[in-house]
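Enquirer:
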Amino acid sequence: TTLSSAPTMGGLLCPEGITNEKFCLKNSNTEIFQKREYYSVSLVWGIPPVRENSMVWKIVDDFTGTTAIEKSRGSGVDPSDPRIQLTLLEIVQKARSNERLRIHPQLVWIEALRDFAKTAGIGFPVKKELFFGIIEVLKIQSSAFRKSVELEIATKGTGLAGDLLFTSVSFFSEVPIGQERYQRDAKELWTDFAATVNENVVAEDMPLLEVQSDAFLDSQRTDAIVQSTLNSYFVANGLYL
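In terms of the working numbering, the sequence shown has 146 at position 144, counting the first letter as 1, and numbering is strictly consecutive.
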């Protein structure tokens with residue numbers, strides 16, 4: 003969870019010992035800072051989900067000790083492909099235009115790449131043969147970009163070598179003020195968004211887009227506990243027979 007502060011104008015000047023607002027004057031020059039809380043959410047493109055809920059992406063170990071990554075034959079989503087770059091940017095723009103997602107203005111890696119490529123005169127989308135070279139240049143120039151992109155483009159090899167496994171973009175989404183139990187609503191909002199993108203943006207020959215966030219885990223655990231309790235009740239009472 004990430005916290006930041008944002009000022010709102012307002013405030014009252016009250017005589018000493020007076021708490022009734024009727025006897026106070028409004029001071030328009032006073033800044034009141036209100037904490038804003040954010041959670042991280044990722045739109046993951048390339049690895050099929052391994053959970054029942056197809057909109058929740060997570061890697062889990064199987065009984066043979068191998069993971070979904072190790073068993074993967076590679077992804078059909080290659081971010082060096084100009085078509086994929088444009089689609090990723092379109093997904094990001096659609097997410098930002100959805101006010102209910104309450105996304106922080108901090109750039110994600112595909113937006114940073116677009117801005118750099120345009121400023122450098124390379125143009126966007128970046129040509130396939132230039133893509134990974136430009137990524138490496140940006141990683142050298144910006145530690146923030148380096149940390150971000152290392153988690154967003156996954157390959158089987160070291161760094162960006164080997165078969166591509168998945169591509170993702172991650173946002174900070176603001177927690178609505180006064181909502182302590184926001185996780186379930188947030189999960190539904192992002193799941194609905196991913197479903198809309200899969201229906202209207204992602205090409206038929208591409209893997210589905212999945213949404214993942216640690217903020218959703220509590221509601222998932224609660225659902226699992228409830229489902230397990232119901233199953234136990236049904237079995238105990240012979241309702242499955």
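Every residue gets a Cβ at the ideal spot worked out from N, C-alpha and C, and that includes glycine. Just so you know, these numbers come straight off a predicted model, no measurement behind them.
F244 to P84, Cα distance in whole Å?
Expert: Outside the displayed range of the chain (3 to 243) lies residue 244, so it cannot be described from this structure.
Enquirer: Answer with buried or exposed for K120, where buried requires no fewer than 16 other C-beta atoms within 10 angstroms of its C-beta.
Expert: Along the sequence shown, read from residue 1 onward, the residue named residue 120 stands at position 118. Exposed.
Enquirer: Going by DSSP, what residue range makes up the beta strand (DSSP E) through A156?
Expert: Here residue 156 corresponds to residue number 154 of the sequence shown, with the count starting at 1. It spans 155-157 - the beta strand (DSSP E) in which A156 sits, taken as one unbroken run.
Enquirer: Could you pull the DSSP bridge partners for T169 from this structure?
Expert: Residue numbering aside, residue 169 sits at position 167 when the sequence shown is read from its first letter. Bridge partners of T169: W47, I155.
Enquirer: Just curious, the alpha helix (DSSP H) that V199 is in, first and last residue?
Expert: What you label residue 199 is simply residue 197 of the sequence shown in a count that begins at 1. Where V199 is concerned, the enclosing alpha helix (DSSP H) stretches over 185-202.
Enquirer: Between the beta-carbon of F246 and the beta-carbon of H106, is there less than 7 angstroms?
Expert: Lying before the first or after the last residue shown, residue 246 is absent from the chain, which here runs from 3 to 243.
Enquirer: Measuring CA to CA, which of R186, S172, V203 is closest to P178?
Expert: By 1-based counting over the sequence shown, the position of residue 178 is 176. Comparing Cα-Cα distances from P178 to each of R186, S172, V203, the minimum goes to R186.
Enquirer: Which residue or residues does DSSP assign as beta-bridge partners of L211?
Expert: Numbered from 1 along the sequence shown, position 209 holds the residue referred to as residue 211. Partner(s): W47.
Enquirer: A146: buried (16+ other C-beta within 10 angstroms of its C-beta) or exposed?
Expert: Counting from one through the sequence shown, the residue named residue 146 turns up at place 144. Answer is exposed; the Cβ neighbour count stays below 16.
Enquirer: If you drop the 5 nearest sequence neighbours on each side, which residues of the same chain put their C-beta closer than 6 angstroms to that of A114?
Expert: As a first step, residue 114 is located in the sequence shown; it is residue number 112 there, counting from the start. Result list for A114: F147, in chain order.
Enquirer: Of all the options V203, V46, A188, E176, which has the alpha carbon lying nearest to the alpha carbon of S170?
Expert: Indexing the sequence shown from 1 puts residue 170 at position 168. It is V46.
Enquirer: I'd like the span of the alpha helix (DSSP H) that includes A119, first residue to last.
Expert: In the sequence shown, counting from the first residue as 1, residue 119 sits at position 117. Per DSSP, A119 belongs to the alpha helix (DSSP H) from 111-121.
Enquirer: Quick one: what does DSSP say E206 is sitting in, helix, strand or coil?
Expert: For the purposes of this step, residue 206 is taken as residue 204 along the sequence shown, with counting starting at 1. Three-state result, E206: coil.
Enquirer: Less than 7 angstroms between the C-beta atoms of S82 and F126, yes or no?
Expert: As a working mapping, residue 82 is identified with position 80 in the sequence shown. As a working mapping, residue 126 is identified with position 124 in the sequence shown. No.
Enquirer: In whole angstroms, what separates the C-alpha of R38 from that of E176?
Expert: Position 36 of the sequence shown, counting from 1, holds the residue named residue 38. Position 174 of the sequence shown, counting from 1, holds the residue named residue 176. When rounded, the distance between both Cα atoms is 7 angstroms.
Enquirer: Out of G48, V43, Y184, Y40, which has the shortest C-alpha to C-alpha gap to P209?
Expert: As a working note, residue 209 is residue 207 in the sequence shown. For the residues G48, V43, Y184, Y40, the minimum Cα distance to P209 belongs to G48.
Enquirer: Relative to the C-alpha of R104, which residue among S144, K189, K129, N202 is closest?
Expert: Taking the first residue of the sequence shown as position 1, residue 104 is located at position 102. Of S144, K189, K129, N202, the residue nearest in Cα terms is K189.
Enquirer: Apart from the five residues just before and just after K96, which ones in its own chain have a Cβ nearer than 6 angstroms to its Cβ?
Expert: Numbered from 1 along the sequence shown, position 94 holds the residue referred to as residue 96. Hits under 6 angstroms: none found.
Enquirer: Under 8 angstroms Cβ to Cβ from L90, same chain only, skipping five residues before and after it: list those, please.
Expert: Residue 90 sits at position 88 when you count from the first residue of the sequence shown. Correct list, in chain order: W47, P81, I112, T169, V171.
Enquirer: According to DSSP, E138 sits in a beta bridge with which residue or residues?
Expert: The sequence position of residue 138 within the sequence shown is 136, counting from 1. None, per the DSSP bridge assignment.
Enquirer: Identify whether Y40 lies in helix, strand or coil by the three-state DSSP scheme.
Expert: Numbered from 1 along the sequence shown, position 38 holds the residue referred to as residue 40. In the structure shown, Y40 sits in a strand (DSSP, three-state: E or B).
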